[in-house]
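Participant: The structure under discussion is supplied below as C-alpha cells; questions concerning it will follow.
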Amino acid sequence: MHSIVEIGNLSKSYRRGGQIVPVLEDLTFDIMAGDFIALMGPSGSGKSTLLNLIAGIDKPDHGTLRVGGIDITALSESELADWRARNVGFIFQFYNLMPVLTAYENIELPLLLTRLSGSERREHVETALAMVGLTDRMAHYPSELSGGQQQRVAIARAIITDPTILVADEPTGDLDRVSAEDVLTLMARLNAELGKTIIMVTHDQHAAQKAHHIRQLDKGVLLSSAA
Amino acid sequence: MYLLKLILRNALRHKLRTGLTMLGIIVAVLAFGLLQTVVDAWYAGAQSASSARLVTRSSISLMFPLPLSYEGRIRGVAGVQAVARTNWFGAIYREPRNFFAQFAVSDNYLDLYPEFVLPDDQRQAYLRDRKGCLIGRQLADQYGFKVGAVLPLRGTIYPGNWEFVVRGIFDGVDETKVTRQMLFHWEYFNETLKQRTPRRGDQVGVYVLGIDNPDNAAAISRAVDQTFSNSLAETLTETEQAFQLGFVAMSNEIIAAIRVVSYVVILIIMAVMANTMAMSARERSAEYATLKVLGFGPGFIALLIFGESFAICAIGGVLGVAATAPAAALFKDLAGNVFPIFQVSSHTLLLQTACMLLIGIAAAIVPAIRASRIRIVEGLRAIG
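Taken in order, these protein sequences are the chains called A and B. Heads up, the numbering used here is the position in the first sequence plus 21, with the first residue counted as 1. Heads up, the numbering used here is the position in the second sequence plus 1, with the first residue counted as 1.
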C-alpha cells in the first residue's frame, strides 16, 4: 500500500475580529490508499478544517499537502476545481443536494463536467443508483426522500465520477440510528469492494468504529492514532 | 438542456415571489410602452407632415395674419407650385368642451393634401355649395356627422353664428393620418367677415405652399421670406413638419416629464428585480458552494443567476409587450378624442424589449458576482 494523502507540517489559521486564531498546527501524517479513517475530536479541534484542506476546498497557511502525488497547495482555484471534480467525492452532513433536481439529476450533476455522452451518463447514474439501492426512487426530489435516502443519493453523487478519495463530514450527523447504520454500511462497502479511500469526520464513536483507523485531533494538534 | 432545466426550476422555486416579480415586470413594460406611445401620439401630427409642403406665417406670431395680396407673390417664387390659404377658425360646436379643429381653406387646399381621400361626387358637391364643409372621418365618427347634416358653430375668434352643411367626409390614406378636422370655404369665410367686420377681411392665417422638390425647401423658404423682408408683415417660412413641431414644443416640459416617468418605471422594476435575485442568490449560497465543491466554476454559477433573471424578465417582458397593443386600444377608447392617433410603434416595441433585456442583465450583475466569488467554506456554513 502507498500513501494517497501526504501531509507535512501543515498549519492553518483564521482571522477572527482582527485576531489570528490557529486551527491546525504543524500536522504531519499520511493516509494510505484504500484506507478508511475517522477524524474525531471536540468542536473547534480542526477536524473539518483538515478535511477541507485534504479535499482542496480550502488552502493551508504553511506545509505540504500531496494527494495522489499532486501538491494541491500549488494549484490555482480553477485547477483545484478541475482536480476536485476528478479526484474527490464529497459527502456532507446535510446532504447538500439540489432541491430542484431529482435523485437521478443530482447524481448526474458531476458528470456534466466530463465528456461522457448522454447515454453513458445514464448508464453510470443507473449503476450508482443500483449500488445505493435507490433505483425505484430516481425520479423523486430530495424533499420526497427520507434523510437516509437523501444521504444515499449524496453518496451516489460522490462516487459517480469514480474519485480517488471520498471525504465525509459528519455523514450520519443528521440521521436516525437505522439510517446512519445503512449509510455507514454503504461506506464500508465502497471501501471494501471498490477500494475507495475514505476520510470521515465524525463525533459519533459508533460511526468511527466502522473505520480502519481513528485519528484524534485536539486544538489543531494530532493526538493519537487508534486502529 | 440540463442548464435550462435548472434555471427554470430555480426560477419557479418560489412561485409567489417569482409571480409577483413577473407581474411587476409586465406592468412596468406595459406602462413604459403606453407612456412612450403617449409621447409618439404627441408627435403624430408632425410625423405625418409632408416634406413637400411649406408653411408661411407671420414672423412675429401666428396671432398676426398675412395680407391676401401675398398669395400671388409667393406663387411667383421659383420652386413654388401651389399656394393654399388657410385660417384657424376656432368656433364652438354646441358646448365649449366639443373642441375640434376648424379651418377656412381655399378650394385648392385638398390638392396639396393627397393623404386626405374624398369621393369625387362629394368633392363636387362641396365646391358647388358656398356654405358647404368637409368633415374628417374620425370627427364624423365621434359626433355622428352625416353628409347633408347642418353644422351650426358659434364663433369665438370670429364672433357670430355660423352655419355649414356637411357635403363630404374625407378619410386618411392610412390610419396614421389624423382626420379630426373640419374644412370649409375660405371665400365664404372672407366674404362673411367683410360684411361683419370689414377690417378683418382679406387676411390669411397661414399659406400652405406646395413645392417642386423637398430638397429645395430651405432655399425656397429663404426666397419667400426675402420677398417680404422689411415689409409691415414679414414672414417666416418653414417646412410643415417644423411648423407642427413648433406646436409640440409648447408641451416640451410635459413630454419630457412623461419620458422621465417612463424610464423611472423601468428603474424601479429593475431595483425590485435586483432585490428578488439578491434574495434568491443569498438563499442558495450553500448550493452554489456545493456546485463549486463538485468542480463547477464561477462562470457556471453566474450563468445560473443571469439565466434565472433573464428567464423571469423574458416571460414578464413578453407578456408586457403582448399586452401593450390591446391596452393602447383600450386607452385610446377611454381617452376619447385626446389622441386621434394612438398606435404602438415598432420603435416602442423595440425599446420595451431592450428594457426587458436591460432589467434581466442589470438585476443579476451584483448577485452573480457575489455568488460566483463565494468562498466554498463560507458558503457551506450557510446551510442548516
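Note that CB positions come from ideal geometry on N, CA and C, so glycine has one too.
If you measure beta-carbon to beta-carbon, which residues of the segment 81-106 of chain A are closer than 7 Å to chain B?
Facilitator: Flagged, chain order: S99, A102, D103, R105, A106.
Participant: With DSSP run on the structure shown, which of helix, strand or coil describes A:L134?
Facilitator: Working through the first sequence from its first residue, we reach residue 134 of chain A at position 113. In the structure shown, A:L134 sits in a helix (DSSP, three-state: H, G or I).
Participant: Could you tell me whether any Cβ in chain B is nearer than 9 Å to the Cβ of A:I78?
Facilitator: If you number the first sequence from 1, residue 78 of chain A lands on position 57. Chain B, which has a Cβ nearer than 9 Å to the Cβ of A:I78, makes this yes.
Participant: Would A:L86 and A:V222 qualify as a contact pair, given that the criterion is a beta-carbon distance under 9 Å?
Facilitator: Residue numbering aside, residue 86 of chain A sits at position 65 when the first sequence is read from its first letter. Residue numbering aside, residue 222 of chain A sits at position 201 when the first sequence is read from its first letter. Cβ distance not < 9 Å, so A:L86 and A:V222 don't count as in contact.
Participant: At what residue ranges does the segment 72-146 of chain A contain a whole run of the beta strand (DSSP E), taking only runs of 3 or more?
Facilitator: Within the segment 72-146 of chain A, the complete beta strand (DSSP E) runs of at least 3 residues are 83-88, 109-112.
Participant: Start and end of the alpha helix (DSSP H) containing B:L350?
Facilitator: If you number the second sequence from 1, residue 350 of chain B lands on position 349. From DSSP, the alpha helix (DSSP H) with B:L350 extends over 347-374.
Participant: Under 9 Å, Cβ to Cβ, is there at least one residue of chain A near B:F33?
Facilitator: In the second sequence, the residue the question calls residue 33 of chain B occupies position 32. Chain A, which has no Cβ nearer than 9 Å to the Cβ of B:F33, makes this no.
Participant: State yes or no: is the beta carbon of A:L205 nearer than 9 Å to at least one beta carbon in chain B?
Facilitator: The residue labelled residue 205 of chain A in the question sits at position 184 within the first sequence. No, A:L205 lies away from the interface with chain B (no Cβ there is under 9 Å from its Cβ).
Participant: My output table needs one value for B:P199: the three-state DSSP class, helix, strand or coil.
Facilitator: Position 198 of the second sequence, counted from the start, is the residue given in the question as residue 199 of chain B. Three-state DSSP puts B:P199 in a helix.
Participant: In the DSSP output, what is A:K68 paired with across the bridge?
Facilitator: Counted from its first residue, the first sequence places residue 68 of chain A at position 47. In the DSSP output, where bridge partners are listed per residue, A:K68 has none listed.
Participant: In three-state DSSP terms, what is B:P68?
Facilitator: Taking the first residue of the second sequence as 1, we reach residue 68 of chain B at position 67. Strand at B:P68.
Participant: Out of B:N276, B:L24, B:G202, which has the shortest C-alpha to C-alpha gap to B:L69?
Facilitator: As a first step, residue 69 of chain B is located in the second sequence; it is residue number 68 there, counting from the start. B:L69 has its Cα closest to that of B:G202, out of B:N276, B:L24, B:G202.
Participant: For a contact meaning CB atoms closer than 7 Å, what does A:L251 contact in chain B?
Facilitator: Outside the modelled stretch of chain A, which goes from 22 to 248, sits residue 251 of chain A, for which no answer is possible.
Participant: Determine the direct distance from the alpha carbon of B:Y289 to that of A:P163, and round the result to whole angstroms.
Facilitator: Taking the first sequence and counting its residues from 1, the one referred to as residue 163 of chain A is at position 142. Taking the second sequence and counting its residues from 1, the one referred to as residue 289 of chain B is at position 288. Rounded to whole angstroms, A:P163 to B:Y289 spans 17 Å at the Cα level.
Participant: Could you tell me which of B:M274, B:Y94, B:W89, B:A32 sits nearest to B:S107, measuring between CA atoms?
Facilitator: Mapped onto the second sequence, residue 107 of chain B falls at position 106. Comparing Cα-Cα distances from B:S107 to each of B:M274, B:Y94, B:W89, B:A32, the minimum goes to B:W89.
Participant: For the segment 20-58 of chain B, which segments carrying the alpha helix (DSSP H) assignment without a break, of at least 4 residues, lie completely within its bounds, in sequence order?
Facilitator: Here no run is fully enclosed.
Participant: I'd like the list of long-range same chain contacts for B:G211, defined as Cβ closer than 7 Å, with 5 residues on each side in sequence excluded.
Facilitator: Along the second sequence, one-based indexing puts residue 211 of chain B at 210. A53, R54, Q82, A83, L113.
Participant: Give me the Cα-Cα distance between B:E72 and B:Y208, rounded to the nearest whole angstrom.
Facilitator: On the second sequence, position 71 is the one that residue 72 of chain B refers to. On the second sequence, position 207 is the one that residue 208 of chain B refers to. For B:E72 and B:Y208, the distance between alpha carbons rounds to 8 Å.
Participant: Go ahead and label A:Q170 buried or exposed: buried means 16 or more other beta carbons lie within 10 angstroms of its beta carbon, across all protein chains shown.
Facilitator: The residue given as residue 170 of chain A occupies position 149 in the first sequence. So A:Q170 ends up on the buried side.
Participant: Please work out which residues of its chain come closer than 6 Å, Cβ to Cβ, to B:A102, disregarding the five sequence neighbours upstream and downstream, and give them in chain order.
Facilitator: Here the question's residue 102 of chain B lines up with position 101 in the second sequence. Around B:A102: Q182.
Participant: Within the continuous beta strand (DSSP E) that includes B:Q82, where are the two ends?
Facilitator: For the purposes of this step, residue 82 of chain B is taken as residue 81 along the second sequence, with counting starting at 1. Start and end: 81-89.
Participant: Can you round the beta-carbon distance between B:L135 and B:R168 to whole angstroms, since I take them to be within the 8 Å contact cut?
Facilitator: For this step, residue 135 of chain B is matched to residue 134 along the second sequence. For this step, residue 168 of chain B is matched to residue 167 along the second sequence. Rounded, the Cβ-Cβ distance is 7 Å, consistent with contact.
Participant: From B:L4 to B:L305, what distance separates their C-alpha atoms?
Facilitator: Translated into positions along the second sequence, residue 4 of chain B becomes position 3. Translated into positions along the second sequence, residue 305 of chain B becomes position 304. Each residue's alpha carbon lies about 8 Å from the other.
Participant: Does chain B have any CB closer than 9 Å to the CB of A:E126?
Facilitator: The sequence position of residue 126 of chain A within the first sequence is 105, counting from 1. For A:E126, the answer is yes, since a Cβ of chain B falls inside 9 Å of its Cβ.
Participant: Could you give the first and the last residue of the continuous beta strand (DSSP E) run that contains A:I25?
Facilitator: In the first sequence, residue 25 of chain A corresponds to position 4, counting from 1. Where A:I25 is concerned, the enclosing beta strand (DSSP E) stretches over 24-37.
Participant: Taking a contact to mean a Cβ-Cβ separation below 9 Å, would you say B:L9 touches B:A243 in this structure?
Facilitator: Taking the first residue of the second sequence as position 1, residue 9 of chain B is located at position 8. Taking the first residue of the second sequence as position 1, residue 243 of chain B is located at position 242. Cβ atoms of B:L9 and B:A243: not closer than 9 Å.
Participant: Can you list, in chain order, the stretches of the alpha helix (DSSP H) that have 4 or more residues and sit fully within the segment 243-313 of chain B?
Facilitator: List check, alpha helix (DSSP H) in window: 253-284, 286-295.
Participant: Indicate the three-state DSSP secondary structure (helix, strand or coil) for A:P163 in the structure shown.
Facilitator: Reading the first sequence from its first residue, position 142 is the one you call residue 163 of chain A. It is helical.
Participant: How many angstroms separate the CA atom of B:F343 from the CA atom of B:V40?
Facilitator: Position 342 of the second sequence, counting from 1, holds the residue named residue 343 of chain B. Position 39 of the second sequence, counting from 1, holds the residue named residue 40 of chain B. Whole-angstrom Cα-Cα distance: 10 Å.
Participant: Counting Cβ pairs, one atom from each stretch, are 3 or more of them under 8 Å apart for the segment 141-157 of chain B and the segment 213-226 of chain B?
Facilitator: Output reads no: the segment 213-226 of chain B does not touch the segment 141-157 of chain B.
Participant: Restricting to Cα atoms, I'd like to know which of A:I235, A:L207, A:I181, A:F57 is closest to A:N108.
Facilitator: On the first sequence, residue 108 of chain A is found 87 positions in, with the first residue counted as 1. Considering only alpha carbons, the answer is A:I181.
Participant: Answer yes or no: does any C-beta atom of chain B fall closer than 9 Å to that of A:L122?
Facilitator: If you number the first sequence from 1, residue 122 of chain A lands on position 101. Yes, contact with chain B.
Participant: Under a three-way DSSP split, which group does B:N11 fall into?
Facilitator: Here residue 11 of chain B corresponds to residue number 10 of the second sequence, with the count starting at 1. Helix.
Participant: Between the Cα of A:L31 and the Cα atoms of A:S24, A:F57, A:D56, A:T70, which residue gives the shortest distance?
Facilitator: By 1-based counting over the first sequence, the position of residue 31 of chain A is 10. Of the candidates A:S24, A:F57, A:D56, A:T70, the one whose C-alpha sits nearest the C-alpha of A:L31 is A:T70.
Participant: Look up B:T240 in the DSSP assignment and give the residues it is bridged to.
Facilitator: Looking up residue 240 of chain B in the second sequence gives position 239. Answer is B:L55, bridged to B:T240.
Participant: Would B:H186 be called buried (16 or more neighbouring beta carbons within 10 Å of its own) or exposed?
Facilitator: Translated into positions along the second sequence, residue 186 of chain B becomes position 185. By the neighbour-count rule (16 or more Cβ atoms within 10 Å), B:H186 is buried.
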